[in-house]
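Peer 1: Chains as they are written, first to last, in our numbering: chain A, 1 to 502; chain B, 1001 to 1316. Each residue gets a CB set at the ideal place from its N, CA and C atoms; glycine is no exception. Everything numeric in this text was worked out from a predicted model, so none of it was measured. To start, I am sharing the structure in question, which I have written as structure tokens.
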């Protein structure tokens, strides 16, 4: 589940070749030498991927979540960059022991940006509408919610069965609270309850958020945050050096020395849930044989890939370290070309020829490393570089591929391994069952350990290979403080972002 | 002349009709579709199919084409399926960046190429002329991206005189800021296009020098340079006009690179994005408008040529 953030992540990925291997676990925001924050400042932030329109209900793409959720729109609950679930429009909540009833206490005195008051009925309407409108993004994640009611400021959700992912899902699209009967044109405008209002959108260039003076919580630190959409890395570096940008996300770590040379910027490297996924089409052909898939995994030098990228860490299973259920699975497919050659011989697949279908915005380094690693064990790899629309049709829709590389950036997307219909072409009833059990678990510990168990099976089946777990790389001006470091592609809460006057 | 203009106009209309069909069909050959792009990778095939149905993408090709072309004839270039904005208003928006950018680039190119081209022709064989010729040859070979980068590094990063990228949010309501943000990209276009134009001006001038009427004028007592300026240059100008038509088309194509490099919200960048997300109704409208623009420029250039060149008038 990566949506079009893969594009944004492509730029992150371009952060190649630098000895910045330190990326274990969440890192704190860049220390700032900034003076006192200027409350009237505009902070400009470079982003890579512009949303196609602003309709949070129907348009997919993490480019929307990235800037709108938390900043403009809010739900009952939210999540931190470290993926912790925290209160938002609900000041607190309780979950019944059987996991079937969720009660949220809605805050008082919340208004929408147009001045209308937030009522409990708005919440009920939003969640109901979201569950019942199939074309709204993530509608299916609320399918198990049978009752949505309000009594005073108490919102009660009742479920047919326990759902360990419900709170998490409410931190995302499914939980966004809109005003009932609002007439705003959602494609080009927004009316939320967050610390920022949508001030200006110049299509193809920038989106500006302005501090909301009627915000119910701590007001935003900066008067304005301007998101400048600059796909080209060099153009972004130039703009930063010319003093036109305060933060450059998706920064190329190759250029660390250049950006830090005069002391105006410092590099921030955070964790992310980006998973560089090498999918195997295992429905037929040589890849239907588990030995061949395992051989490919063991032929790939994952450390070399991480080193070439300059940031990130290795990953040997479907769950990244920021997500629940993570465990180190490096023992499942250690780098061992000899073992790989042997496995291929056992499978009678010594002179195998395979094609790698890869969207063209990823750095060529990845394909090159794969070609040489596989060549070393006798597998000939042909690289088929295509644009993303073509990838969607050939690989995602038609399953017409041998190997495919895409960066899956979304957090907690294990369900794709439990779904035999997904383009991964992986079907194991045991995994599907374990995932269902994990969803139905009533304690987090139980849910997480079931997920970990399922993830190990997926890895042991060599359902795919995971080339690396990406990093969030950003260049942050030393005038700026409050910039989050982790998972910037997914969600970028800029309420605390500020700039000093000096 | 009127007969010629009418024939030429008919040719223009046929050209547009053919172009519209080619644009429409060529885009249908691209793999991938807009419904899948909107729905994203968490969608089920049923959801994508429903979306396709809602967007009218499962209609027969001919029906889609006729609906589009019918709209165009009524002055409606269509609406983006992705952003929901009318193509015409988007084009108008982006043209406010691209057209001034191209015009400014062309002006710079002409200002460089005109005088220097003539001088280098007149000084042919001498150090100055050779130097100009060689420099132009070298500059014409410079990739636009590299030229732009160098200009940015010098004028934006080192000297800090001009913005490195972007266009002011206020647009042309702050003309000074808008102009400043276009200066470096226009200079990039100007340098590269100018170098190409220079070589053309040079050879046209050299040709004019050898013409009988210049020699005759020189025989009446004018210096060779004066004879050329008085009698030769109008003809050089004439042939430059016809090259300019091509040059403008080239600049529009070049805008894709320039706008990407300078993060300018112009037509070139918009086109690339729209093709990438398979927003075909929008791409169609944009391409048709651009093709129309180039064809009309060709039409005007031909008419102007005809009107001012006595030789062509006689031959008709």
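(1) Which residues, in order along the segment 379-408 of chain A, keep a beta-carbon less than 9 Å from a beta-carbon of chain B?
(2) Tell me the DSSP bridge mates of residue 198 of chain A?
(3) Note down, in chain order, every chain A residue with its Cβ under 7 Å from the Cβ of residue 1262 of chain B.
(4) Among A:251, A:332, A:191, which one has its Cα closest to the Cα of residue 471 of chain A?
(5) With a cut-off of 8 Å on the beta carbons, I'd call residue 1261 of chain B and residue 1145 of chain B a contact; round off their distance for me.
(6) Could you give the DSSP three-state label for residue 487 of chain A: helix, strand or coil?
(7) Would you say residue 244 of chain A faces chain B, with C-beta separation under 8 Å as the test?
(8) Taking all protein chains shown into account, decide if residue 360 of chain A is buried (16 or more other Cβ within 10 angstroms of its Cβ) or exposed.
(9) Tell me whether residue 102 of chain A sits in a helix, a strand or coil according to DSSP, three-state version.
(10) Could you give the DSSP three-state label for residue 338 of chain A: helix, strand or coil?
(11) By the three-class DSSP mapping on this structure, what secondary structure does residue 179 of chain A have?
(12) Where DSSP assigns a beta bridge to residue 1073 of chain B, which residues make up the other side?
(13) Taking CB distances under 8 Å as the criterion, tell me whether residue 1163 of chain B reaches chain A.
(14) Out of A:140, A:120, A:131, point me to the one whose CA is closest to residue 1043 of chain B's CA.
(15) Cβ atoms of residue 435 of chain A and residue 414 of chain A: under 8 Å apart, would you say?
(16) Taking C-alpha atoms, which residue in A:216, A:491, A:453, A:370 lies nearest to residue 279 of chain A?
(17) My assumption, with CB atoms under 8 Å, is that residue 78 of chain A sits in contact with residue 1031 of chain B. Please give the rounded CB distance.
(18) Would you mind telling me which residues of chain B sit closer than 9 Å to residue 228 of chain A, beta carbon to beta carbon, in chain order?
(19) Comparing alpha-carbon positions, which option in A:464, A:235, A:68 lies nearest residue 255 of chain A?
(20) If the cut is a Cβ gap below 7 Å, which residues of chain B does residue 275 of chain A touch?
(21) Strictly under 8 Å for the Cβ-Cβ distance: is residue 1269 of chain B near chain A by that measure?
(22) Within the continuous alpha helix (DSSP H) that includes residue 1080 of chain B, where are the two ends?
(23) In three-state terms, what does DSSP make of residue 73 of chain A?
(24) Where residue 1004 of chain B and residue 1013 of chain B are concerned, what is the direct C-alpha to C-alpha distance, given to the nearest angstrom?
(25) Mind listing, in chain order, the continuous alpha helix (DSSP H) runs of no fewer than 4 residues lying wholly within the segment 100-166 of chain A?
(26) If you draw a straight line from the C-alpha of residue 385 of chain A to the C-alpha of residue 399 of chain A, how long is it?
(27) At least one CB of chain B closer than 8 Å to the CB of residue 206 of chain A: is that the case?
(28) Reducing DSSP to helix, strand and coil, say where residue 300 of chain A ends up.
(29) Hey, could you find the ends of the alpha helix (DSSP H) residue 408 of chain A is sitting in?
(30) Checking contacts by CB at 8 Å: is residue 1096 of chain B closer than that to chain A?
(31) Would you mind telling me which residues of chain A sit closer than 7 Å to residue 1082 of chain B, beta carbon to beta carbon, in chain order?
(32) Where does residue 1254 of chain B sit, in a helix, a strand or coil, going by DSSP?
(33) Pull up the distance between the alpha-carbon of residue 1106 of chain B and that of residue 1193 of chain B, whole angstroms please.
(34) Give me the Cα-Cα distance between residue 1307 of chain B and residue 1120 of chain B, rounded to the nearest whole angstrom.
(35) Which residue from B:1299, B:1200, B:1228 puts its Cα closest to that of residue 1211 of chain B?
(36) Using 10 angstroms around the beta-carbon of residue 443 of chain A, count the other beta-carbons present and answer buried if the total reaches 16, otherwise exposed.
Peer 2: Inspection of the coordinates gives the following:
(1) 386, 387, 388, 389, 390, 391, 392, 393, 394, 396, 397, 406, 408
(2) Translated into the one-based positions of the first chain, residue 198 of chain A becomes position 198. Answer is A:209.
(3) Numbered from 1 along the second chain, position 262 holds the residue referred to as residue 1262 of chain B. What residue 1262 of chain B touches in chain A: 235.
(4) For the purposes of this step, residue 471 of chain A is taken as the residue at position 471 of the first chain. Nearest C-alpha to residue 471 of chain A: A:251.
(5) Mapped onto the second chain, residue 1261 of chain B falls at position 261. Mapped onto the second chain, residue 1145 of chain B falls at position 145. 6 Å between Cβ atoms; contact.
(6) By 1-based counting over the first chain, the position of residue 487 of chain A is 487. It is coil, neither helix nor strand.
(7) Within the first chain, residue 244 of chain A is the residue found at index 244, counting from 1. For residue 244 of chain A, the answer is yes, since a Cβ of chain B falls inside 8 Å of its Cβ.
(8) Counting from one through the first chain, the residue named residue 360 of chain A turns up at place 360. Exposed, since its Cβ has fewer than 16 Cβ neighbours within 10 Å.
(9) Within the first chain, residue 102 of chain A is the residue found at index 102, counting from 1. It is a strand residue.
(10) The count along the first chain starts at 1 and reaches residue 338 of chain A at position 338. Of the three classes helix, strand and coil, the one that applies to residue 338 of chain A here is helix, per DSSP.
(11) Walking along the first chain from the start, residue 179 of chain A turns up at place 179. It is coil, neither helix nor strand.
(12) Residue 1073 of chain B sits at position 73 when you count from the first residue of the second chain. In the DSSP output, where bridge partners are listed per residue, residue 1073 of chain B has none listed.
(13) Locating residue 1163 of chain B in the second chain gives position 163, where the first residue counts as 1. Interface residue, yes.
(14) For this step, residue 1043 of chain B is matched to residue 43 along the second chain. The candidate whose alpha carbon is nearest that of residue 1043 of chain B is A:140.
(15) Working through the first chain from its first residue, we reach residue 414 of chain A at position 414. Working through the first chain from its first residue, we reach residue 435 of chain A at position 435. Closer than 8 Å, so yes.
(16) For the purposes of this step, residue 279 of chain A is taken as residue 279 along the first chain, with counting starting at 1. Looking at the Cα atoms, A:370 is the closest of the given residues.
(17) Taking the first chain and counting its residues from 1, the one referred to as residue 78 of chain A is at position 78. Taking the second chain and counting its residues from 1, the one referred to as residue 1031 of chain B is at position 31. That pair is no contact at about 39 Å.
(18) On the first chain, position 228 is the one that residue 228 of chain A refers to. Residues of chain B passing the Cβ test: 1165, 1166, 1263.
(19) Position 255 of the first chain holds residue 255 of chain A. Looking at the Cα atoms, A:235 is the closest of the given residues.
(20) For this step, residue 275 of chain A is matched to residue 275 along the first chain. Neighbours of residue 275 of chain A on chain B: none; closest Cβ ~13 Å, over 7 Å.
(21) Walking along the second chain from the start, residue 1269 of chain B turns up at place 269. It does: the Cβ of residue 1269 of chain B has a partner Cβ on chain A nearer than 8 Å.
(22) Position 80 of the second chain holds residue 1080 of chain B. No alpha helix (DSSP H) contains residue 1080 of chain B, which DSSP labels as neither H nor E.
(23) Translated into the one-based positions of the first chain, residue 73 of chain A becomes position 73. Looking at residue 73 of chain A - three-state DSSP - the assignment turns out to be strand.
(24) If you number the second chain from 1, residue 1004 of chain B lands on position 4. If you number the second chain from 1, residue 1013 of chain B lands on position 13. Near 14 Å, if we compare the C-alpha coordinates of residue 1013 of chain B and residue 1004 of chain B.
(25) 120-132
(26) The residue labelled residue 385 of chain A in the question sits at position 385 within the first chain. The residue labelled residue 399 of chain A in the question sits at position 399 within the first chain. Roughly 16 Å between the two C-alpha positions.
(27) As a first step, residue 206 of chain A must be located in the first chain, where it is residue number 206. True, the Cβ-Cβ gap to chain B drops below 8 Å.
(28) Translated into the one-based positions of the first chain, residue 300 of chain A becomes position 300. Looking at residue 300 of chain A - three-state DSSP - the assignment turns out to be coil, as it is neither helix nor strand.
(29) One-based indexing of the first chain puts residue 408 of chain A at position 408. Taken as a continuous stretch (DSSP letters only), residue 408 of chain A belongs to no alpha helix (DSSP H), being part of the beta strand (DSSP E) at 403-408.
(30) What you label residue 1096 of chain B is simply residue 96 of the second chain in a count that begins at 1. So no, residue 1096 of chain B is outside the interface.
(31) Stepping through the second chain from its first residue, residue 1082 of chain B is reached at position 82. The contacting residues are 52, 53.
(32) For the purposes of this step, residue 1254 of chain B is taken as residue 254 along the second chain, with counting starting at 1. Residue 1254 of chain B falls in the helix class under three-state DSSP.
(33) One-based indexing of the second chain puts residue 1106 of chain B at position 106. One-based indexing of the second chain puts residue 1193 of chain B at position 193. Taking the straight line joining both Cα atoms gives about 8 Å.
(34) In the second chain, residue 1307 of chain B corresponds to position 307, counting from 1. In the second chain, residue 1120 of chain B corresponds to position 120, counting from 1. Going from the Cα of residue 1307 of chain B to the Cα of residue 1120 of chain B covers about 30 Å.
(35) Translated into positions along the second chain, residue 1211 of chain B becomes position 211. With distances taken between Cα atoms, residue 1211 of chain B lies closest to B:1228.
(36) Translated into the one-based positions of the first chain, residue 443 of chain A becomes position 443. By the neighbour-count rule (16 or more Cβ atoms within 10 Å), residue 443 of chain A is not buried but exposed.
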